[in-house]
Amino acid sequence: MQVKEVRFYDREEIKELERIVEKNYGSRIDLSKFLVFESGKERKVWLLTKKFFEIDLSKLKINSFGLYFGKLKRNEKIHLSTEGAQLVGKNATKNVLELDEASALKFMQGSDLKIKLPKNCEAHNFVIIKRKGDILGCSLALEDGIKNLLPKSRRIIGIS
């Protein structure tokens, strides 16, 4: 991560982020063990273990640090990164979509999905996508299906 501007969250902001995650995904997550910071105008949220600064960094060349958790959006929504979805998704009860094998393959290839949303998924919100307990990522739920937001670097190309 190469950014010019980083802002670390205080305790209250961390609690607010935990509240937003619980509101959107029904998952309680304890972020108090991390340093939480935001970068750039896009409001990208990163997590970093507090033990990071216990390491002697003087002999290391650090290109980036932290785990990209997600991007805060308007109306108290958060678009989780794949890693953020994996952290939150194991206990999530809201906005979680379990796919069958064919739909999961289409999703991993980058296609949008025309499917009926289950009752626990809210249209115009981000949903965690799962297949047999594996968390594949996070995308946008629409009235008529899923808008695929899986990064191109994570997509699968041609499986036969």
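Residue numbers (this note's numbering): 6 to 165. The C-beta atom is built at its ideal place from N, Cα and C for all residues, glycine as well.
Just grab the DSSP bridge partners of residue 12 for me.
Beta-bridge pairing links residue 12 to 43.
Could you tell me whether the Cβ atoms of residue 58 and residue 41 are closer together than 9 Å?
Their beta carbons are not under 9 Å apart, which means residue 58 does not touch residue 41 by this criterion.
Go ahead and pull the three-state DSSP assignment for residue 92.
Of the three classes helix, strand and coil, the one that applies to residue 92 here is helix, per DSSP.
Give me the DSSP bridge partner(s) of residue 102.
As a beta-bridge residue in DSSP terms, residue 102 pairs with 134.
According to DSSP, residues forming a beta bridge with residue 83
The partner list for residue 83 (beta bridge, DSSP) reads 77.
Buried/exposed call for residue 125, threshold 16 Cβ in 10 Å:
With a 10 Å radius around the Cβ and a threshold of 16 neighbouring Cβ atoms, residue 125 comes out exposed.
Could you give the distance in angstroms between the alpha-carbon of residue 99 and the alpha-carbon of residue 45?
Rounded to whole angstroms, the gap between the alpha carbons of residue 99 and residue 45 is 29 Å.
Measuring straight from C-alpha to C-alpha, what distance separates residue 97 and residue 32?
For residue 97 and residue 32, the distance between alpha carbons rounds to 4 Å.
Simplified DSSP state of residue 109, which is helix, strand or coil:
The answer is helix: DSSP assigns residue 109 an H, G or I state.
Per-residue DSSP class, three states only, for residue 20
Residue state, collapsed to three classes: helix.
Pull up the CB-CB distance for residue 111 and residue 118, whole angstroms please, since I reckon it's below 8 Å.
That pair is a contact at about 6 Å.
How close, in whole Å, do the beta carbons of residue 26 and residue 93 come, if the pair is a contact with beta carbons under 8 Å?
6 Å between Cβ atoms; contact.
Taking the beta strand (DSSP E) that residue 140 falls in, what are its first and last residues?
Per DSSP, residue 140 belongs to the beta strand (DSSP E) from 139-147.
Where does residue 155 land, buried or exposed, given buried means 16+ other C-beta within 10 angstroms?
Per the 10 Å Cβ criterion, buried.
Burial state of residue 129 (16 or more Cβ within 10 Å):
Burial call: exposed.
In the structure shown, what three-state DSSP assignment does residue 62 receive?
DSSP, read as helix, strand or coil, puts residue 62 in coil.
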